[in-house]
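Going by my numbering, the sequence shown opens with residue 16, and the numbers climb by one from there.
Cβ atoms here follow ideal geometry from the backbone N, Cα and C, with glycine treated the same way.
No experiment lies behind these values; they were computed from the predicted model shown.
Shown next, in structure tokens, is the structure this report addresses.
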Amino acid sequence: MTLIHRVARLFRADAHALLDRIEEPELVLRQAVQEMQNELDAERRHLRLLDQELASLARRRAERVKELSRIGEQLDVCFEAGNEELARSLIRRRLEAERQDQTLAADIEQRNERLSLLKARLEENTARLEAMRQKADLLAQRDAEPPTDTTTRFAGPLVRDEEVEVALLEERRRRAAS
Numbered sequence: 016m017t018l019i020h021r022v023a024r025l026f027r028a029d030a031h032a033l034l035d036r037i038e039e040p041e042l043v044l045r046q047a048v049q050e051m052q053n054e055l056d057a058e059r060r061h062l063r064l065l066d067q068e069l070a071s072l073a074r075r076r077a078e079r080v081k082e083l084s085r086i087g088e089q090l091d092v093c094f095e096a097g098n099e100e101l102a103r104s105l106i107r108r109r110l111e112a113e114r115q116d117q118t119l120a121a122d123i124e125q126r127n128e129r130l131s132l133l134k135a136r137l138e139e140n141t142a143r144l145e146a147m148r149q150k151a152d153l154l155a156q157r158d159a160e161p162p163t164d165t166t167t168r169f170a171g172p173l174v175r176d177e178e179v180e181v182a183l184l185e186e187r188r189r190r191a192a193s
């Protein structure tokens, strides 16, 4: 018998939670907006980290280019002096530096691609967040309006000007994206 009471209590609790969500759409919408804002903040942090990585890779690559230039000058001196043994070791260093430079160039290219994708996703998500905020504002305005009786409720326009503006902005963004 107690098991049946527990199950019944569980169903009632779920039903009450569902009713609470239905009764408070503004709260659910505010929570969704906050979660989206948190995700955007995380994406921005990731973007800054990626920028820092790119700057570090660019500095390392610039060092490699300088090193390759120095090795080239040293090779000139070795060949002028006829010291092939030293020239061999410098050529080995040059080959290693060239490989490192190629690896760094590939890493930079890969991170630039990731950076471009992340920036595009960030812009898209920022637009979504703004749309959600506008919807939340519309909902808050609608809730703030005094209730009207059902006879005069449909006397005015069915669509408010703010809703038309929001729909127009969304349509422009959708057409610009395609």
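Query	Result
Reduced DSSP category for R194 - H, G, I as helix; E, B as strand; rest coil	In the structure as shown, the chain begins at 16 and stops at 193. Residue 194 is therefore absent and cannot be evaluated.
Cβ contact (3+ pairs, closer than 8 Å) linking the region 109 to 116 and the region 38 to 52	no
Of the listed residues S104, R157, S71, nearest to G87 (C-alpha basis)	S104
Whole-number beta carbon distance between L144 and Q52, since they are thought to touch under 8 Å	6 Å
F27 versus L42: straight-line alpha-carbon distance, rounded	Contrary to the premise, residue 27 reads as Arg rather than Phe in this sequence. The alpha-carbon atoms of R27 and L42 are separated by roughly 21 Å.
Residues near L83 by beta carbon distance below 6 Å, same chain, minus five either side	A112
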